[in-house]
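Beneath this line is the structure, given in structure tokens, with notes to follow.
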Amino acid sequence: MRSRRANPFVIGAFVVGAIGILAAALIALPGRHWFSPEPERVVMFFSGSVFGLQKGAPVVFRGVRIGDVTNITLHYDSKSDTFAIPVLANLDADAVRGLDGRMGNEDIGHALPTLIKRGLTAQLGTQSLLTGQLYVDLDFRTKTPGRMHGGYKGDATEIPTSATAFQALKDQLESVDLKKIVEDISQISNSARSLIAAPELKQGFKDFAATAGHARKLAAQLDRRAVPLTEGAERALDSVDRAGDKVAGAADKLGTGADRASELLDPKGPVVRDLQRAINELATASTSLRDAADSDGPLLQQTERTMRELSQAARALRQLARSLEGQPQQLLLGREPDVPVTVPAPAVEPAKK
5 MRSRRANPFV IGAFVVGAIG ILAAALIALP GRHWFSPEPE RVVMFFSGSV FGLQKGAPVV
65 FRGVRIGDVT NITLHYDSKS DTFAIPVLAN LDADAVRGLD GRMGNEDIGH ALPTLIKRGL
125 TAQLGTQSLL TGQLYVDLDF RTKTPGRMHG GYKGDATEIP TSATAFQALK DQLESVDLKK
185 IVEDISQISN SARSLIAAPE LKQGFKDFAA TAGHARKLAA QLDRRAVPLT EGAERALDSV
245 DRAGDKVAGA ADKLGTGADR ASELLDPKGP VVRDLQRAIN ELATASTSLR DAADSDGPLL
305 QQTERTMREL SQAARALRQL ARSLEGQPQQ LLLGREPDVP VTVPAPAVEP AKK
């Protein structure tokens, strides 16, 4: 019995149909990127509320969507007794390729460590004020460094997180002890009430009013005396101005006299030269006088001879007076001859050497 030949058209249709079904199945499988690079898994730990953040929420870098949120869980740390919310997301390597400055074939997994060192952090942003939906905002924030939580067991790269300005304000308000503040305000209010009701305060107000009255009287007296005082001050200022002018004139004259004295005392000037000449002549005269007063000098010897001659003449006059006293006739008859009397010569001291 002869076998029947298969229809080629039926076989071709079956093959094409099988390929189409396989392609549709591959495309329909969720979470699989068969024709694109494998996305980079990242995790971000938020300590505050993430209400409004849902799976599929966008992950944005400066307005460019680079990934989606894939999972949101809750983590309890028994050591610190705190809760943290890890948010998992997939980042599209094609969308963020080159964020580290190298436009190559490297994916975001290689660029993330460099970006984190440069200050890449994650914050929660609001998509819509009406719906309250949130998204994850990635950016470089060097002024507010991010906080790394650590301790994630999976294969995701952790990106540090930083609180928004509203969240930071909320944390500060939550840390404020409102009860203590209210108690302090209440105590201050009670103290103020007691102070106001105290009689000392009332007396203080009375004293202050009296002091204000005295101050007004004093101000009125000062107003009355202000005009004479002002006039006296003006006269004093005029006197000071005149005295200043006189001092300035005296200073000018003193400067002129100083200049004149400087000219007179100039070593090359005529006054100093004449004075030097007079000093030299006085020194010469002093030297001559000292030489003349010397014991061996001619002047002193001549003076000694003259004194001896004057002494001899005086003795002769004394002898003549005695003779005339005893024999006055000698003036008429002449002197009788007598034995000559030898008068010893006065001793002459030897000249000092």
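Take the position in the sequence shown, starting the count at 1, then add 4; the result is the number in our numbering.
Cβ coordinates follow ideal geometry from the N, Cα and C atoms, glycine included.
With respect to the 8 Å criterion, residue 166 and residue 145 are classified as neighbours on the basis of their beta carbons. Here residue 148 has 166 as same chain residues with Cβ atoms under 6 Å from its own Cβ, once five neighbours each way along the sequence are excluded.
A direct Cα-to-Cα measurement between residue 86 and residue 198 gives close to 46 Å.
For residue 91, the secondary structure class from DSSP, reduced to helix, strand or coil, is strand.
In the three-state reduction of the DSSP assignment, residue 42 falls in the coil class. According to the DSSP assignment, residue 142 belongs to the beta strand (DSSP E) that extends over 138-144. Listed in chain order, the non-local C-beta contacts of residue 150 below 7 Å within the same chain comprise 125, 164, 165 and 166, local neighbours out to five positions each way being set aside. Contact between residue 93 and residue 64 does not hold, since their C-beta atoms are separated by about 11 Å, which reaches or exceeds 8 Å.
Under the DSSP assignment, residue 68 falls outside any alpha helix (DSSP H), being part of the beta strand (DSSP E) whose first and last residues are 68-76. In the three-state scheme derived from DSSP, where H, G and I count as helix and E and B as strand, residue 64 is classed as strand. Residue 191: member of the alpha helix (DSSP H) spanning 182-201, first to last residue. DSSP places residue 126 in the uninterrupted beta strand (DSSP E) bounded by 124-130. Counting C-beta atoms within 10 angstroms of its own C-beta, residue 47 has 16 or more neighbours from the protein chains shown and is therefore classed as buried. Cα atoms of residue 56 and residue 152: separation of roughly 23 Å, rounded to the nearest angstrom. Going by C-alpha positions, residue 77 is about 12 Å away from residue 53. Inclusion of residue 45 and residue 160 in the CB contact set at 8 Å is warranted, their separation being smaller than that value. Its Cα nearest to that of residue 73, the residue 137 stands out among 79, 184, 212 and 137. Residue 307 and residue 317 have their C-alpha atoms roughly 16 Å apart. Taking 8 Å as the cut-off, the beta carbon of residue 168 is found closer than this to the beta carbon of residue 128. According to the DSSP secondary-structure assignment, residue 209 is paired through a beta bridge with no residue. Residue 81 has 86 as its beta-bridge partners, per DSSP.
If you draw a straight line from the Cα of residue 234 to the Cα of residue 223, it comes to about 16 Å.
In the three-state DSSP reduction, residue 47 falls in the strand class (E or B). Within 10 angstroms of the beta-carbon of residue 96 lie 16 or more other beta-carbons, which makes it buried. Between the alpha carbons of residue 256 and residue 240 lies a distance of about 24 Å. Rounded to the nearest whole angstrom, the CA to CA distance from residue 209 to residue 249 is 55 Å.
Ranking 21, 287 and 79 by CA distance to the CA of residue 155 puts 79 first.
Its chain contains 199 as the residues whose beta carbon lies nearer than 8 Å to that of residue 205, once the 5 sequence neighbours on both sides are disregarded; these appear in chain order. Of the candidates 229, 91, 207 and 26, 91 places its Cα closest to the Cα of residue 158.
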